[in-house]
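Residue numbers for the sequence shown follow the numbering used here, so the first one is 67 and each next one is one higher.
Scroll down for the structure; my scribbles are underneath it.
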Amino acid sequence: MRNKRSTEDVAMGIRRRVFEHSMRNNGGYLSQACSAAEQLAFLYNEALNLGEPVLPAVPRPFAGVPSADNPDYVTGAGYNGPFEPQYDRLFIAPAHYALVAYATLIETGRMDAEGLEMFNKDGSSVEMIGAEHSPGMEVHNGTLGIGLSTGAGLAFGRKRRGESGQVCVFMSDGEVQEGQTWEAVQAASHHGIDNLWALMDVNDQQCDGAMDSVMEVRDIAAKFRAFGAVCVEIDAHDLNAMRQAKAEPHEGQPLIILARSSPTQGMSFLQKRFPRLHYVRFKSEDERAEMNVSIAAELGIDPIELETH
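Take a look at the structure:
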């Protein structure tokens with residue numbers, strides 16, 4: 067069994083690991099670690115009933131796509147445990163959160179740190195944009211708005227089979243700009259799929275900048291309730307609020323937790339980049355050095371030793 071750490075420690079470990087990786091690799095998805103560290107730490111460390119990993123701690127290379135000639139194909143969901151009726155299932159819908167998800171797997175003892183050294187390398191399953199064969203991933207989502215539909219479909223099947231395990235979908239707020247998300251929550255409500263819940267990182271950011279600069283979404287909590295879900299809004303960095311939200315009764319309805327987060331939480335230096343935070347690549351070696359010292363101090367670690375370019 068893996069040693070259990072506090073969820074707060076896991077969240078801090080996620081930010082530190084993503085920061086170190088980004089410093090060494092000329093950039094990364096830093097804002098997603100800022101906004102979602104507590105959420106993914108909460109899911110893996112306490113909220114989900116997951117079995118022990120069934121895939122090697124050091125990820126295998128990409129083994130090809132499913133086919134009749136590839137009978138040993140497996141998804142990356144094996145890092146979340148076995149597909150057994152009593153265990154929960156997790157779908158990570160925003161595939162660009164992959165770096166943060168991998169850091170979470172490492173911090174919770176489900177993947178070896180060596181796996182992150184394979185990140186975005188040719189032939190690796192540890193992809194920059196997570197795919198169905200990437201560690202922790204079961205299907206390829208996008209973000210294309212299909213994550214909640216996938217989770218709802220599986221949850222409906224599990225409910226009909228009488229399985230006790232729940233289905234959770236980790237989402238990002240950009241998915242509310244996709245119509246399929248609303249079809250999914252409406253269908254889940256209509257069919258009483260209450261073994262489904264979602265935790266959404268609402269950081270008001272997407273690849274083209276601030277959410278409202280791309281498409282205004284207005285009051286998404288009111289929309290989710292109108293479409294039949296139980297919806298709770300919380301501070302994404304307040305773990306006690308997250309725990310209370312998870313316990314919200316939702317018999318006969320899906321539960322949607324809107325976790326309103328800061329894309330610079332724990333790395334306030336990134337405010338200088340606002341609102342262009344989707345992927346942070348250093349503009350110069352001077353900026354890289356300044357960011358290294360500033361963010362390392364905020365995260366309570368020594369600056370990362372870097373090779374000069």
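The C-beta atom is built at its ideal place from N, Cα and C for all residues, glycine as well.
Buried versus exposed, by CB contacts within 10 Å (16 or more), residue i
| i | result |
| --- | --- |
| Tyr139 | exposed |
| Cys273 | exposed |
| Ser350 | exposed |
| Asn261 | buried |
| Lys312 | buried |
| Gly189 | exposed |
| Asn111 | buried |
| Gly281 | In the sequence on display, residue 281 carries Met and not Gly. The residue is exposed, with fewer than 16 neighbouring Cβ atoms inside 10 Å. |
| Gly318 | exposed |
| Arg284 | exposed |
| Gly245 | exposed |
| Arg347 | exposed |
| Glu314 | exposed |
| Gly211 | buried |
| Pro132 | exposed |
| Asp154 | buried |
| Leu372 | exposed |
| Ala113 | buried |
| Ala134 | exposed |
| Val84 | buried |
| Gly231 | buried |
| Asn136 | exposed |
| Ala363 | exposed |
| Ser191 | buried |
For residue i, the three-state DSSP class (helix, strand or coil)
| i | result |
| --- | --- |
| Cys234 | strand |
| Gly211 | coil |
| Asp352 | helix |
| Gly318 | coil |
| Phe157 | strand |
| Ser64 | This structure leaves residue 64 out entirely; the chain is present only between 67 and 375. |
| Gly366 | coil |
| Val120 | coil |
| Ala325 | strand |
| Phe335 | helix |
| Ser190 | strand |
| Gly94 | strand |
| Asp301 | strand |
| Val131 | coil |
| Val166 | helix |
| Val140 | coil |
| Val76 | helix |
| Val205 | coil |
Distance CB(residue i)-CB(residue j) smaller than 8 Å
| i | j | result |
| --- | --- | --- |
| Ala164 | Gly130 | no |
| Ile157 | Thr216 | The question names Ile, but residue 157 is Phe in the sequence shown. Cβ distance < 8 Å, so Phe157 and Thr216 count as in contact. |
| Met89 | Ala123 | no |
| Gln152 | Ala325 | no |
| Gly175 | Gly147 | no |
| Gly387 | Glu241 | Beyond the ends of the chain as shown, which are 67 and 375, falls residue 387; an answer cannot be given. |
| Ile80 | Glu173 | yes |
| Pro127 | Pro201 | no |
| His87 | Leu182 | yes |
| Gln252 | Phe293 | yes |
| Ile367 | Asn358 | no |
| Gln243 | Pro341 | no |
| Pro320 | Ile259 | yes |
| Ile322 | Ala295 | yes |
| Gly144 | Pro119 | yes |
| Leu305 | Phe149 | no |
| Arg71 | Leu365 | no |
| Glu299 | Ala288 | no |
heavy atom of the ligand MN below 7 Å from residue i C-beta
| i | result |
| --- | --- |
| Ile80 | The ligand MN is absent from the structure shown, which contains no ligands of any kind. |
| said: Tell me whether the region 263-272 and the region 231-239 touch, counting them as touching only if at least three CB pairs, one residue from each stretch, are closer than 8 Å. | reply: Of all C-beta pairs linking the region 263-272 to the region 231-239, three or more are shorter than 8 Å, placing the two stretches in contact.
| field | Uninterrupted beta strand (DSSP E) stretches inside the region 214-296 (no shorter than 3 residues) | value | 233-238 and 262-268
| Within the chosen definition, does the region 324-331 reach the region 89-100 through at least 3 CB pairs nearer than 8 Å? | yes
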